[in-house]
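A.B. asks: Quick one: this structure, given as structure tokens, is what I'll be asking you about.
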């Protein structure tokens with residue numbers, strides 16, 4: 023109870039001292055505020071970006087393996103020209119895998135024709151992607167339709183001239199009018215619109231449907247080379263429930279080697295990619311950004327800490343006489359130390375709260391503009407902990423010097 027009373031009394035005296043020197047208090051707060059704002063804003067922005075990127079990666083499917091020409095992660099001494107010489111994934115290879123694999127729930131084939139122009143009457147969309155998909159794409163990919171429906175199996179297998187539009191494509195071509203049932207033109211061919219994707223927003227991994235149209239691959243292969251390098255074809259393999267990606271990859275590797283008739287000592291001429299590779303790279307990248315941001319923020323906080331230390335030394339000098347009177351009336355050394363140390367901590371915490379408040383305001387503004395920047399409880403605790411630590415480190419030596427003053431010398435120094 024005595025200790026609690028001393029702490030409360032120290033806090034009261036600290037606020038009085040801060041209120042009596044408003045300009046000095048403001049300047050001291052400014053350094054800590056800027057420091058905490060710098061470091062917490064970096065961590066908050068990084069958390070938001072990392073969450074968005076990982077959300078985009080997860081939308082690709084954590085239990086999906088992609089059979090492609092190029093790996094998502096390069097390693098070792100494997101020459102790049104060997105990757106270049108690899109054949110692209112083929113539609114027939116997907117069909118062979120479908121019959122050979124026992125651990126896969128579903129397979130789908132995809133390819134892209136990029137930078138295309140889509141027209142409807144006098145309206146047109148430039149630099150649009152035409153995505154060619156097999157029917158099972160809907161069983162693997164994650165998407166919602168705001169209008170219409172997905173392809174029927176007959177439309178996919180027979181290669182009907184039908185298409186599903188991305189939200190941005192639909193907006194430009196049809197504005198607020200329904201798109202379903204109308205005919206558009208792509209690469210000189212007419213396509214009947216049967217659906218529209220819900221708006222998804224931009225994605226750093228490029229899986230958004232907003233600026234693309236989806237057509238059955240059996241329609242596109244009539245007039246396009248779907249194994250061309252420019253089409254970047256791939257096979258998607260989704261694991262059965264309870265089957266690990268590692269097990270699926272092992273089976274796919276063995277079957278792909280058999281399909282391509284590779285001898286035992288020959289290297290794989292295909293890549294088996296999974297979203298875990300991207301997640302690992304993203305985590306490493308954002309950890310590096312956090313470290314760099316933390317170092318910058320640390321120096322900002324350090325400058326604020328020196329500011330508080332200087333102010334506290336000035337405060338001790340100004341109140342030397344009062345310290346002498348307190349000690350002559352029986353105040354113990356620890357009370358004087360606690361009094362000035364509390365003042366330093368309170369000052370630093372106020373600066374930290376202001377810095378966190380600024381980050382919160384910016385996070386609200388960012389959320390309103392569509393950018394995710396959540397101020398998490400971990401970052402708030404980190405900001406307050408750093409503030410308290412700086413307050414202790416900055417205030418300890420001034421508080422200790424005040425506690426060691428001789429009462430007679432202190433009173434005489436002020437006289």
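Numbering (my numbering), first residue to last: 23 to 437. Don't be surprised by glycine CBs; every beta carbon is placed ideally from N, CA and C. Since this is a predicted model, take the numbers as computed values, not measurements.
Taking the C-alpha atoms as reference points, what is the distance between residue 368 and residue 424?
C.D. replies: Taking the first residue of the chain shown as position 1, residue 368 is located at position 346. Taking the first residue of the chain shown as position 1, residue 424 is located at position 402. Going from the Cα of residue 368 to the Cα of residue 424 covers about 18 Å.
A.B. asks: How far does the beta strand (DSSP E) with residue 127 in it reach, from first residue to last?
C.D. replies: Within the chain shown, the letter at position 105 stands for residue 127. Residue 127 -> beta strand (DSSP E) spans 126-142.
A.B. asks: Using a threshold of 9 Å, state whether the C-beta atoms of residue 91 and residue 118 are closer than that.
C.D. replies: Counting from 1 along the chain shown, the entry for residue 91 is found at position 69. Counting from 1 along the chain shown, the entry for residue 118 is found at position 96. No.
A.B. asks: Please report the straight-line C-alpha distance between residue 246 and residue 311, rounded to a whole angstrom.
C.D. replies: Indexing the chain shown from 1 puts residue 246 at position 224. Indexing the chain shown from 1 puts residue 311 at position 289. Between residue 246 and residue 311, the C-alpha separation is close to 43 Å.
A.B. asks: With a threshold of 8 Å, are at least 3 pairs of Cβ atoms found where one atom belongs to the stretch 368-388 and the other to the stretch 336-344?
C.D. replies: Segments in contact, no.
A.B. asks: How would you call residue 348, buried or exposed, if buried means at least 16 neighbouring beta carbons within 10 angstroms?
C.D. replies: Locating residue 348 in the chain shown gives position 326, counting from the first residue. It counts as buried.
A.B. asks: Look up residue 334 in the DSSP assignment and say whether it is helix, strand or coil.
C.D. replies: Translated into the one-based positions of the chain shown, residue 334 becomes position 312. Residue 334 falls in the helix class under three-state DSSP.
A.B. asks: Go through its chain and collect everything with a Cβ distance to residue 253's Cβ below 8 Å, but skip five positions before and after it.
C.D. replies: Residue mapping note: residue 253 aligns to position 231 of the chain shown, counting from 1. Here the set comprises 110, 133, 134, 135, 154, 246, 247.
A.B. asks: Across the stretch 266-275 and the stretch 121-128, are there enough close Cβ pairs to call them in contact, namely three or more that are closer than 8 Å?
C.D. replies: Cβ pair count under 8 Å is three or more, so yes.
A.B. asks: Taking three-plus beta-carbon pairs below 8 Å as touching, is the stretch 179-198 in contact with the stretch 208-220?
C.D. replies: With the cut-off at 8 Å, the stretch 179-198 and the stretch 208-220 touch.
A.B. asks: Quick one: using the 10 Å Cβ neighbour count with 16 as the cut-off for buried, is residue 352 buried or exposed?
C.D. replies: Residue numbering aside, residue 352 sits at position 330 when the chain shown is read from its first letter. Exposed, by the Cβ-count rule.
A.B. asks: Quick one: complete alpha helix (DSSP H) runs, 4+ long, within the stretch 320-393?
C.D. replies: Those alpha helix (DSSP H) runs which fall completely within the stretch 320-393 and span 4+ residues are 342-350, 355-390.
A.B. asks: CB-CB under 7 Å to residue 415, same chain, minus the five flanking residues each way: which ones, in chain order?
C.D. replies: As a working mapping, residue 415 is identified with position 393 in the chain shown. Within the same chain, residue 415 has close Cβ partners 327.
A.B. asks: Among 179, 195, 101, which has the Cα closest to the Cα of residue 144?
C.D. replies: As a first step, residue 144 must be located in the chain shown, where it is residue number 122. The candidate whose alpha carbon is nearest that of residue 144 is 195.
A.B. asks: Assuming residue 88 and residue 258 are in contact, meaning their beta carbons sit under 8 Å apart, how far apart are those beta carbons, in whole angstroms?
C.D. replies: Stepping through the chain shown from its first residue, residue 88 is reached at position 66. Stepping through the chain shown from its first residue, residue 258 is reached at position 236. That belief holds up - the Cβ atoms of residue 88 and residue 258 are roughly 6 Å apart, short of 8 Å.
A.B. asks: Please list, in chain order, all residues of the same chain as residue 315 whose beta carbon is under 6 Å from its beta carbon, the five residues on each side excluded.
C.D. replies: Numbered from 1 along the chain shown, position 293 holds the residue referred to as residue 315. 64, listed in sequence order.
A.B. asks: Just checking my contact of residue 438 with residue 48 at CB under 8 Å: how many whole Å lie between their CB atoms?
C.D. replies: The chain is shown from 23 up to 437; residue 438 falls before or after that span and cannot be answered.
A.B. asks: Using the Cβ count rule (16 or more neighbours within 10 Å means buried), how would you classify residue 142?
C.D. replies: Translated into positions along the chain shown, residue 142 becomes position 120. Buried, because 16 or more other Cβ atoms sit within 10 Å of the Cβ of residue 142.
A.B. asks: Ends of the beta strand (DSSP E) at residue 187?
C.D. replies: Mapped onto the chain shown, residue 187 falls at position 165. Segment 184-187, the beta strand (DSSP E) holding residue 187.
A.B. asks: For residue 261, collect the residues of the same chain with a Cβ closer than 7 Å to its Cβ; drop the 5 residues on either side in sequence, then sort them by chain order.
C.D. replies: Taking the chain shown and counting its residues from 1, one reaches residue 261 at position 239. Counting only Cβ-Cβ distances below 7 Å, and skipping sequence neighbours, we find 85, 125, 126, 127, 267, 270.
A.B. asks: Output the distance between the C-alpha atoms of residue 174 and residue 284, rounded to the nearest integer angstrom.
C.D. replies: Locating residue 174 in the chain shown gives position 152, where the first residue counts as 1. Locating residue 284 in the chain shown gives position 262, where the first residue counts as 1. Going by the C-alpha atoms only, they are around 37 Å apart.
A.B. asks: Are residue 407 and residue 396 close, meaning C-beta to C-beta below 9 Å?
C.D. replies: Here residue 407 corresponds to residue number 385 of the chain shown, with the count starting at 1. Here residue 396 corresponds to residue number 374 of the chain shown, with the count starting at 1. No.
A.B. asks: Where do the N-terminal and C-terminal ends of the beta strand (DSSP E) with residue 238 fall, by residue?
C.D. replies: Residue numbering aside, residue 238 sits at position 216 when the chain shown is read from its first letter. Unbroken beta strand (DSSP E) run through residue 238: 234-238.
A.B. asks: Whole angstroms are fine: how far does the CA of residue 330 sit from the CA of residue 402?
C.D. replies: In the chain shown, residue 402 corresponds to position 380, counting from 1. In the chain shown, residue 330 corresponds to position 308, counting from 1. The straight-line gap from Cα to Cα measures roughly 21 Å.
A.B. asks: Given this structure, state the Cα-to-Cα distance separating residue 417 from residue 308, to the nearest angstrom.
C.D. replies: Position 395 of the chain shown, counting from 1, holds the residue named residue 417. Position 286 of the chain shown, counting from 1, holds the residue named residue 308. When rounded, the distance between both Cα atoms is 34 Å.
A.B. asks: Can you check which of these residues, 179, 361, 362, is closest to residue 244 by C-alpha distance?
C.D. replies: Along the chain shown, read from residue 1 onward, the residue named residue 244 stands at position 222. Residue 179 is the option with its Cα nearest to residue 244.
A.B. asks: Specify, as a first and last residue, the run of the alpha helix (DSSP H) that residue 400 falls within.
C.D. replies: Working through the chain shown from its first residue, we reach residue 400 at position 378. Segment 399-425, the alpha helix (DSSP H) holding residue 400.
A.B. asks: Anyone know if the C-beta pair for residue 237 and residue 208 falls short of 9 Å?
C.D. replies: In the chain shown, counting from the first residue as 1, residue 237 sits at position 215. In the chain shown, counting from the first residue as 1, residue 208 sits at position 186. Cβ distance < 9 Å, so residue 237 and residue 208 count as in contact.
A.B. asks: Rounded to a whole number of angstroms, what is the C-alpha to C-alpha distance between residue 101 and residue 291?
C.D. replies: If you number the chain shown from 1, residue 101 lands on position 79. If you number the chain shown from 1, residue 291 lands on position 269. If I take the Cα positions, the gap works out to 13 Å.
A.B. asks: For residue 241, which residues in the same chain have their Cβ closer than 7 Å to its Cβ, ignoring the five residues on either side in sequence?
C.D. replies: Here residue 241 is taken as the residue at index 219 of the chain shown, counted from 1. Counting only Cβ-Cβ distances below 7 Å, and skipping sequence neighbours, we find 181, 182, 183.
A.B. asks: In the DSSP assignment, the beta strand (DSSP E) including residue 274 goes from what residue to what residue?
C.D. replies: Numbered from 1 along the chain shown, position 252 holds the residue referred to as residue 274. Element bounds for residue 274: not the beta strand (DSSP E) but the alpha helix (DSSP H), 267-281.
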